[in-house]
Amino acid sequence: GNSVTQMEGPVTLSEEAFLTINCTYTATGYPSLFWYVQYPGEGLQLLLKATKADDKGSNKGFEATYRKETTSFHLEKGSVQVSDSAVYFCALSDHSGNQFYFGTGTSLTVIP
Amino acid sequence: DVKVTQSSRYLVKRTGEKVFLECVQDMDHENMFWYRQDPGLGLRLIYFSYDVKMKEKGDIPEGYSVSREKKERFSLILESASTNQTSMYLCASSFEGEQYFGPGTRLTVT
Numbered sequence: 411g412n413s414v415t416q417m418e419g420p421v422t423l424s425e426e427a428f429l430t431i432n433c434t435y436t437a438t439g440y441p442s443l444f445w446y447v448q449y450p451g452e453g454l455q456l457l458l459k460a461t462k463a464d465d466k467g468s469n470k471g472f473e474a475t476y477r478k479e480t481t482s483f484h485l486e487k488g489s490v491q492v493s494d495s496a497v498y499f500c501a502l503s504d505h506s507g508n509q510f511y512f513g514t515g516t517s518l519t520v521i522p
Numbered sequence: 338d339v340k341v342t343q344s345s346r347y348l349v350k351r352t353g354e355k356v357f358l359e360c361v362q363d364m365d366h367e368n369m370f371w372y373r374q375d376p377g378l379g380l381r382l383i384y385f386s387y388d389v390k391m392k393e394k395g396d397i398p399e400g401y402s403v404s405r406e407k408k409e410r411f412s413l414i415l416e417s418a419s420t421n422q423t424s425m426y427l428c429a430s431s432f433e434g435e436q437y438f439g440p441g442t443r444l445t446v447t
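From first to last, the protein sequence lines stand for chains A and B.
Under our numbering, the residues of the first sequence are numbered 411 to 522, in order.
Under our numbering, the residues of the second sequence are numbered 338 to 447, in order.
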């Protein structure tokens, strides 16, 4: 079946540090992969996506590359800011585009 | 921009009450979803709907029902609220494999 596993949190970083949040997936067929961000007290917002192998999604300085050989979609940012403090969810949609699977979320706190 | 709205941001109800959570999307999406979010458990799918009057059980449907009488509106119903249903409830719609979320309703059952 389909599933998403992402690294446990919480993660605490100093401002301008490098961020990596690991995400691996199990899927049949050709899923699309997503990172969502949830700021305190809000719903989930799409951060970036990739729809096929070797695609790189990017937004607001965040990047993730769809790696089929390692079934991974790790989130990275070169220099985090306090405003990046949030919960990050890795997710996939199956080949039909109608079923979605989420990781458990990784809480990030960036301290000045 | 896709807009998904939920009727309340915060709600406090008593045990045994019937609770309605409303969700409306303005982009004519066919697919709509209800999740609950709890610390350490991530998002868990309660029900989803692929079309008007259609509904499918998700991973944790017990204690919940849904209604989809119009395409834009998907309602989650707690027939008799219990304290273990205290949670954040998130509604979403989807199109072409991408989901769009509402702001969430934080429900407290006392």
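Beta carbons: idealized from backbone N, C-alpha and C, even for Gly.
Quick caveat: nothing in here was measured; it's all calculated off a predicted structure.
Task: The beta strand (DSSP E) enclosing S424(A), as first and last residue numbers - done: V421 to S424
Task: Alpha-carbon spacing of G515(A) relative to N412(A), whole angstroms - done: 17 Å
Task: Contacts around S468(A), its chain only, beta-carbon distance under 7 Å, and the 5 residues preceding and following it disregarded - done: L458
Task: CB of V446(B) within 7 Å of CB of A429(B), strictly - done: no
Task: C-alpha gap between N421(B) and D464(A), whole angstroms - done: 42 Å
TODO: Using the Cα positions of K340(B) and Q362(B), report the straight-line distance between them to the nearest angstrom.
DONE: 6 Å
Task: Per DSSP, the bridge partner or partners of V341(B) - done: Q362(B)
- [ ] Rounded to whole angstroms, what's the CA-CA distance from L348(B) to E393(B)? Just pull it up for me.
- [x] 25 Å
TODO: Give a yes or no on whether the C-beta atoms belonging to L502(A) and P441(A) are separated by under 7 Å.
DONE: yes
Open item on the list: Checking the sheet assignment: what are the DSSP bridge partners for D375(B)?
Closed with: G379(B)
Task: Proximal residues, the stretch 471–488 of chain A versus chain B, C-beta separation under 9 Å - done: none
TODO: Kindly indicate which three-state DSSP category V447(A) falls into: helix, strand or coil?
DONE: strand
TODO: Measure the CB-CB distance between E425(A) and P522(A) and report whether it falls below 7 Å.
DONE: yes
Task: S493(A) (DSSP reduced to helix, strand or coil) - done: helix
- [ ] Determine, using beta carbons only, whether Q436(B) comes closer than 7 Å to chain A.
- [x] yes
Task: Straight-line Cα distance separating K355(B) from I431(A) - done: 40 Å
Open item on the list: As a quick exercise: from M369(B), T423(B) and F385(B), pick the residue whose alpha carbon is nearest that of R351(B).
Closed with: T423(B)
Task: Interface partners of S442(A) on chain B, CB under 7 Å - done: G434
Task: For L358(B) and Y437(B), believed in contact at Cβ under 8 Å, the rounded distance - done: Y437(B) to L358(B), Cβ: 17 Å. No contact.
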